[in-house]
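As they're listed, the protein sequences go chains A and B.
This note's numbering applies: residue 1 is where the first sequence begins, and numbers increase by one.
This note's numbering applies: residue 1001 is where the second sequence begins, and numbers increase by one.
The block underneath contains the structure these notes are about, expressed in structure tokens.
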Amino acid sequence: MSVTAHRAVVSPARRPRLSATAQHALFAYGLVLPTVLLLLGLVGYPFLYAIFISFTNRVVGNAGHWVGLANFRYLVNSPDFRASVWNTITIVVVSDAAKLAIGLSLALLVNQRLPGRGLFRSILMLPWAMPAFVVFLVWRVIYQPIGGGLNLLLTDTGLYSGYIDWLGEPSTALPAVIVATVWRGFPFWFISILAALQTIPGEQYEAARVDGANAWQRFGAVTFPGIRQVVIITTLLSSIWTANSFENVWLLTQGGPADSTMVFPVLAYFGMQTMQLGQAAAVSVAMLPVLAVLVFAATAMAQRGVED
Amino acid sequence: MSRVSTWTRRRILGASAGAGALAVGGRRSALAAPAIQKGSTLTYWGGLIFSDKANKTLTDAINKWGARNGVHTEVVMVNQNDTVQKVSAAVASGTMPDALDVGLDLLIVLSRQGVFLPLDDPYASIGKQHGGWLSPVEKASLMNGARFGIPFGISGNMLLRRNDVLSPAGFPNPPATWTELVTQAQKVVKPPFFPIGLCLGNCGDGDTQISVLQSYGGRIADDSGKHAAIKSDATRTYLTWVKDAYDKKLFPPGVTAWDGAGDNNAYAAGTIAFAANTGSIGIAARNDDPDLYKGTAYSSLPAGPLGVISPMDPQLRSIPKSSKNPEAAKALFEYLAQPEYTQAYYADAIYGPVLQNEMQLDVFNARDPILAGLLDLVKKGTPPGYPDVYNAAYADVYNNFLIPKMIQRVVVDRWDFDRAMDEAQAQIQATYTKYA
């Protein structure tokens, strides 16, 4: 139908019931409605339902009944849970700090005009591109006390000649898990920071040089403000992913030895193995405050950055 | 050794003919046979095991039975490591198959929730046709006075030992006791050869230590199956045994973080002399390393002061209450108990027999040391959990690896025995209280 014909059909005497603004708003709501419904169905409902289940004694095959805080009391009294709180926080904080240091250093390096930097960037992305289970199974082999790559390296270089039980001793198991987690995760930081670095105009560095700023001063006054927002968002995402990460611990230590690497997701998995759905949900819900603090802190920092 | 009766080719053919008649719904025995609805569909979740041949034998047999009886069969083989998750999701979403293979712990937990149909009639019928059920199988498969599963195979740990290493060192016979095992190990230890390849990690193999603990008189719970009883002098004696052996470096480094493949890998690599294993190590060696296979001997687990504790773990077939074709499933179970099928299946699966007549099958003669070991397990083994009561709380303790964790407290955290036992006692009591 042509525009002219369309105008002819609409009588000038008929006035629309809604104002143009309201029509636009309605149209906009109509457009986002399917997405909102999808999010409510796929995220909101399971999320709220998991919280509800955590207050019941539900097991597979039986809906159970409301038990209040019983599941949480059981968890708090369990040494596994106490270990998992501490270990999860340690893994998240230490590995995020290490990933930031490595990712930032490499991004600054690769941001320079170096020969072959395209190839170098691709190689650095490999740990991130590999399936997680492959990465952690390879690390498991590397950590083997007999015939493992790390011990062979130490023996061949003459640094140590015994069998270090990297995954079997509490003093080395958690650091070993953190190292593997950092190796797997640093490329995400690297590529995010590199992308941010490339948005900083070269003129700002020129101006800083003209003003006599040294390398540290240029980093503090130009580089860091330029990448701060990206670092905050990356920290937020990486923290959530690391806190929820299951494969790193499961494939390396299954939470042992003696709970020295026990984390929330593995504990929840044990709950599922025994079909205690209420208890498993309680473990997941118990993670919420930790993650919520991270999300709110990162959002506030990001907001402050925008206002600045 | 003479046998009272042997399943000869003729007997098998005869029995097969009978089974065929049964399967096609022809002449029936005096026992009431399930009615099969022609043109119906039957979905079956089979338990995927190490042997591809055995998996194929099961799938082919079900499809063959379906074709004979006009039932459309859909067989899905489920990795046994994923059974709990898959079944949990299916129960929650109402998408259970018409019949499935399950382990005893899953059957116990879900039968408490009324997920499965009672199968007392087919259980009695199959037992009657095949000389009766073996006594430990009979005991293990009874839950709250009813049968919710039809047993089809026994698995359990045998002691594998490197006879080619131990015999030259003066130990041609298997260790009769756990103390003797340490004595033999001390004689052959030579890093990187650490003889005692018994897992102490958070995995199913680590739970083998429960049997060792029980053979020392230790108990998870009391006779009522309701109160934790891990803190005892017997547990202390057991912990002394395991700590001494660990401190003497007879266990391989890394054993406290082994997963389910830890002993398999170490045995295949030739770095351990002993392993407690269901037979998968032997099957792998038979296929990949004939020298290792030849140098390996199999026996029942050694004894502690209380005797041998060597639990048999029955695998069972069950029918969910939601099954759309329960009668066909029952008829299929009867068919799968016939020697026509079991003879072929047991030859490749790592399972021992469950019925009296199956012990006479040719496949269980002494030619294959793994199957002979499984037959030995069936004869000498103990019911699941024995001397503890095998209930849902016991299965929870087992699946949360509370005993391997207690050992880890002692050997790697260097806790004293009382502290480790106190923690385990509190955790086990909390678990039993949960199920009270």
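Ideal Cβ placement from N, Cα and C applies to all residues, glycine included.
As the structure is a computational prediction, the values presented were derived from the model and not from experiment.
Is DSSP giving residue i helix, strand or coil here?
i: residue 166 of chain A; result: coil
i: residue 1190 of chain B; result: strand
i: residue 1101 of chain B; result: strand
i: residue 1239 of chain B; result: helix
i: residue 1274 of chain B; result: strand
i: residue 182 of chain A; result: helix
i: residue 244 of chain A; result: coil
i: residue 139 of chain A; result: helix
i: residue 1269 of chain B; result: coil
i: residue 1426 of chain B; result: helix
i: residue 1434 of chain B; result: helix
i: residue 1046 of chain B; result: strand
i: residue 235 of chain A; result: helix
i: residue 200 of chain A; result: coil
i: residue 1283 of chain B; result: helix
i: residue 1196 of chain B; result: strand
i: residue 1415 of chain B; result: coil
i: residue 230 of chain A; result: helix
i: residue 151 of chain A; result: helix
i: residue 1095 of chain B; result: coil
i: residue 1202 of chain B; result: coil
i: residue 157 of chain A; result: coil
i: residue 1410 of chain B; result: helix
i: residue 296 of chain A; result: helix
Got a sec: is the Cβ-Cβ distance from residue i to anything in chain E below 7 Å?
i: residue 1400 of chain B; result: The structure shown has no chain E; the protein chains it does contain are A and B.
Assuming residue i contacts residue j (C-beta within less than 8 Å), just tell me the rounded distance between them.
i: residue 264 of chain A; j: residue 243 of chain A; result: 7 Å
i: residue 943 of chain B; j: residue 1324 of chain B; result: No statement about residue 943 of chain B is possible, as the shown extent of chain B runs from 1001 to 1436 and does not include it.
i: residue 1312 of chain B; j: residue 1384 of chain B; result: 7 Å
i: residue 184 of chain A; j: residue 127 of chain A; result: 5 Å
i: residue 223 of chain A; j: residue 200 of chain A; result: 7 Å
i: residue 1072 of chain B; j: residue 1358 of chain B; result: Between residue 1358 of chain B and residue 1072 of chain B the Cβ distance is about 30 Å, and since that is not below 8 Å, they are no contact.
i: residue 1296 of chain B; j: residue 1282 of chain B; result: 6 Å
i: residue 107 of chain A; j: residue 182 of chain A; result: Going by Cβ atoms, the distance from residue 107 of chain A to residue 182 of chain A rounds to 15 Å, so no, they are not a contact pair.
One question on the structure: do residue i and residue j come within less than 7 Å of each other, judged by their Cβ atoms?
i: residue 1392 of chain B; j: residue 1189 of chain B; result: no
i: residue 177 of chain A; j: residue 252 of chain A; result: yes
i: residue 1119 of chain B; j: residue 1154 of chain B; result: no
i: residue 96 of chain A; j: residue 1253 of chain B; result: no
i: residue 1103 of chain B; j: residue 1070 of chain B; result: no
i: residue 1098 of chain B; j: residue 1329 of chain B; result: yes
i: residue 71 of chain A; j: residue 282 of chain A; result: yes
i: residue 1057 of chain B; j: residue 1075 of chain B; result: no
i: residue 1081 of chain B; j: residue 270 of chain A; result: no
i: residue 1156 of chain B; j: residue 1377 of chain B; result: yes
i: residue 1246 of chain B; j: residue 1213 of chain B; result: no
i: residue 53 of chain A; j: residue 277 of chain A; result: yes
i: residue 1302 of chain B; j: residue 146 of chain A; result: no
i: residue 1077 of chain B; j: residue 1046 of chain B; result: yes
i: residue 83 of chain A; j: residue 262 of chain A; result: yes
i: residue 1268 of chain B; j: residue 257 of chain A; result: no
i: residue 1274 of chain B; j: residue 1367 of chain B; result: no
i: residue 1255 of chain B; j: residue 1166 of chain B; result: no
Would you say residue i touches the ligand GTP, meaning its beta carbon is less than 6 Å from a heavy atom?
i: residue 1071 of chain B; result: What this structure holds is no ligand at all, so the ligand GTP is not there to describe.
Requested in this report: Identify every run of the alpha helix (DSSP H) within the stretch 1291 to 1330 of chain B, keeping only runs that are complete inside it and at least 4 residues long; order them along the chain.
Outcome: none
Requested in this report: With 8 Å as the C-beta to C-beta threshold (strictly closer), list the residues of the stretch 1321 to 1332 of chain B near chain A in chain order.
Outcome: none
Query - Entirely enclosed beta strand (DSSP E) segments - the stretch 1107 to 1188 of chain B, minimum 3 residues - result: 1150 to 1155, 1158 to 1162
**Report entry** Proximal residues, the stretch 1240 to 1261 of chain B versus chain A, C-beta separation under 7 Å
**Finding:** 1252, 1253, 1254, 1255, 1256, 1257, 1259
Query raised in the report: At a Cβ cut of 7 Å, what residues of the stretch 148 to 167 of chain A count as close to chain B, listed as they run along the chain?
Result: 163, 165, 167
Query raised in the report: For the stretch 73 to 97 of chain A, which residues have a beta carbon sitting closer than 9 Å to at least one beta carbon of chain B?
Result: 74, 77, 78, 79, 80
Requested in this report: May I have a chain-ordered list of the alpha helix (DSSP H) segments no shorter than 4 residues that lie completely inside the stretch 19 to 43 of chain A?
Outcome: 20 to 39
**Report entry** alpha helix (DSSP H) segments (min. 4 residues) lying fully within the stretch 1322 to 1402 of chain B
**Finding:** 1326 to 1336, 1339 to 1348, 1369 to 1380, 1392 to 1399
Query raised in the report: According to a CB-to-CB cut-off of less than 7 Å, which residues of the stretch 1095 to 1113 of chain B neighbour chain A?
Result: 1109, 1110, 1113
**Report entry** Selection of the stretch 172 to 205 of chain A by Cβ proximity to chain B, strictly under 9 Å
**Finding:** 173
Report task. Give, in chain order, every residue of the stretch 1082 to 1095 of chain B whose Cβ lies closer than 8 Å to some Cβ of chain A. Result -> 1084, 1085, 1087, 1088, 1091, 1092
Report task. Just list the beta strand (DSSP E) runs in the stretch 1050 to 1088 of chain B, keeping only unbroken ones of 3 residues or longer that don't cross its boundaries, in chain order. Result -> 1072 to 1079
Requested in this report: Please specify which runs of the alpha helix (DSSP H), each continuous and at least 4 residues long, are wholly inside the stretch 247 to 274 of chain A, giving them in chain order.
Outcome: 247 to 252, 264 to 273
Query raised in the report: Could you give the uninterrupted runs of the alpha helix (DSSP H) lying entirely in the stretch 68 to 149 of chain A, keeping only those of 4 residues or more?
Result: 70 to 76, 79 to 110, 117 to 129, 132 to 143
Query raised in the report: Taking Cβ-Cβ distances below 9 Å as the criterion, which residues of the stretch 1149 to 1171 of chain B are in contact with chain A?
Result: none
Query - Contained alpha helix (DSSP H) runs [length at least 4] in the stretch 1211 to 1260 of chain B, N- to C-terminal order - result: 1233 to 1247
Requested in this report: With 8 Å as the C-beta to C-beta threshold (strictly closer), list the residues of the stretch 1267 to 1283 of chain B near chain A in chain order.
Outcome: 1269, 1271
Report task. Pull out every residue of the stretch 122 to 148 of chain A whose Cβ sits closer than 9 Å to any Cβ of chain B, in chain order. Result -> 140, 143, 144, 145, 146, 147, 148
Query - chain B contacts made by the stretch 241 to 258 of chain A, where a contact means CB separation under 7 Å - result: 253, 254, 255, 256, 257, 258
**Report entry** Cβ-based contacts, 9 Å cut-off: residues of the stretch 1188 to 1202 of chain B near chain A
**Finding:** 1191, 1192, 1194, 1200, 1201, 1202
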